[in-house]
Each structure stands twice: as structure tokens, then as C-alpha cells.
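This note's numbering applies: residue 322 is where the sequence shown begins, and numbers increase by one. Report on one structure; see the data block that follows.
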Amino acid sequence: MGYYLLILEKRYREFCEVYREKGHLCKTNPVEYGDLQPGSQVRALLEIGEYEEAAQVCRQLIQQEAEESAQMGCDAHSSTWPVFLAIACRKLGHYTEAAWAIREAPRTNYQPNRVQAPCLMYYMAIAMEDPALKRESIRVLNARLRSKAGVEPSFAPVRFFRDKIDEERLLAETAVITSPKLYMRALVPAKFYIAVKRYEKGDLEGCRQSLKETSALYERDPIAVMPCEYFLAESWLKELEGSD
Numbered sequence: 322m323g324y325y326l327l328i329l330e331k332r333y334r335e336f337c338e339v340y341r342e343k344g345h346l347c348k349t350n351p352v353e354y355g356d357l358q359p360g361s362q363v364r365a366l367l368e369i370g371e372y373e374e375a376a377q378v379c380r381q382l383i384q385q386e387a388e389e390s391a392q393m394g395c396d397a398h399s400s401t402w403p404v405f406l407a408i409a410c411r412k413l414g415h416y417t418e419a420a421w422a423i424r425e426a427p428r429t430n431y432q433p434n435r436v437q438a439p440c441l442m443y444y445m446a447i448a449m450e451d452p453a454l455k456r457e458s459i460r461v462l463n464a465r466l467r468s469k470a471g472v473e474p475s476f477a478p479v480r481f482f483r484d485k486i487d488e489e490r491l492l493a494e495t496a497v498i499t500s501p502k503l504y505m506r507a508l509v510p511a512k513f514y515i516a517v518k519r520y521e522k523g524d525l526e527g528c529r530q531s532l533k534e535t536s537a538l539y540e541r542d543p544i545a546v547m548p549c550e551y552f553l554a555e556s557w558l559k560e561l562e563g564s565d
């Protein structure tokens, strides 16, 4: 697994140090340095609290994708950088840019799935208490449900946020995933989204409990740290406990 093992072992600062020294070799020597990817760099920066640097890297990569799109005559934008930029900007208190970035994420051409961006948009709206962003996130979530894939198990988080299913059903639909690794990568967001809904309803203790359950998934399998929702769960839990 190479250098990505540093991410799985939560050795984020070490990863950043290696990336700064050897990240430029990612493309020229992919066999040895292929897992020194910008996405892992940004994730590590978020984990160690270097939010401004993380935001700047994301802005540069968004600009780079825009230039590539213009040169190639096709859409090269991915949701990764707007999502990470929104997370970093929220941490910095730059709510206007955070809202702009998370609005862009569901519009991008390349997304890991059609669920994450609109669900994170809903989370951002709740966390930043932004009614306009919440209304827009609901429109995007509804559009996802109207698609042919809207009834598939992978779209359970969207149905959950639109109150089509409850917590128990969300977890049950997530459990149909037979691959242990893929199941863990889906369970982390599911647990996190349950925390979001509980927070929205004013159930702060229930929210904390779900965030703790999300964080505890790491003990079952380090693969749990891969989804950005794992970082959001841990950092949000710290915020809530710090406000007591």
C-alpha cells in the first residue's frame, strides 16, 4: 500500500512531510510514489489543522481543472476539490466561499458517486445554519431521487435526508454491501448522516453518540478513515464537546 499506509495509520503529519519532499514524483515514478496523490495531501492537511494550505491547494486544482477543460473542450471538473475546499473554508469561518464550493460539487462531471456531494451539501447547510443552501441541497437531493438510480441501495442516504426512510432502514440498506471494505466505506457516511439528522432535530446527545460510533469504526477497520465523512465526524465531535 506504500505511503497511503500513513493515512490509514493516521500518521498525517508524516504523510505531509513525505508529500512535500517527493509528491512531485507521483507521475514520473508511479511505481514507488503513485500513492502520493493531491487528494491524500489535502486530507492530511485537514487532519493536522492546516486549513488555509488545504484550501489553497484546492483552489489551485480547481483552476487547473478549469484550464484543462478549456484546452480539451470537455468538462474535466471533479467534485473532490470543491468538497475539500468547502470543508476547509468552513473550518476557517469563510462561510461564503464554503457555500459556493459545496454548491459546485454536485455540478461537476466526475464524482465518486452521485450521493456524496448533495448529502454533504445538506450537512454544510445544517452546520452553517444556511437556509438558502439547505433549500438548494433539497432540490439537488430530489433530483437525484428522480433519476433511474434513485431507488438503488446506494442512494439510501439521499432517501434518508428526504425522510423517505428512517435510521434503521438506512443502516439496513447499507448492510446489503457484501464486500467488507466497501461496506465500511459506506457505513461511515451513513453513521455520519444519522448524526446530521439528529443535530438538525435538536437531538445533540444523539448526534454526539452517532459521531462517536462513526469514529469508533476505525477500531473495526482502518479503512474507515478513507471517506471524508470520517474526518468530519471526528472534527465535529470535538467542536460539540468543546462547546459544552
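No residue lacks a Cβ here, since even glycine has one placed at the ideal position from N, Cα and C.
Taking only three categories from DSSP, how would you classify residue i?
i	result
S458	helix
S361	helix
Y324	coil
R483	coil
C528	helix
V404	helix
N350	coil
Between the C-alpha atoms of residue i and residue j, what's the straight-line distance to the nearest angstrom?
i	j	result
E342	F482	42 Å
P439	P351	33 Å
S390	E425	15 Å
R519	G370	26 Å
G394	L382	18 Å
E488	L553	19 Å
M445	Y354	34 Å
C410	E374	11 Å
Run through the DSSP bridge pairs and tell me what residue i is partnered with.
i	result
S500	For S500, which the question treats as bridged, DSSP gives no partner whatsoever.
Y431	S399
Buried or exposed: which applies to residue i, given that a residue is buried once 16 or more other Cβ atoms fall within 10 Å of its Cβ?
i	result
T495	buried
T417	exposed
P510	buried
Y340	buried
Q437	buried
Among the options, which residue has its Cα nearest to the Cα of residue i?
i	options	result
M547	Y354, A419, V363, H398	V363
G523	P427, E450, L327, L413	E450
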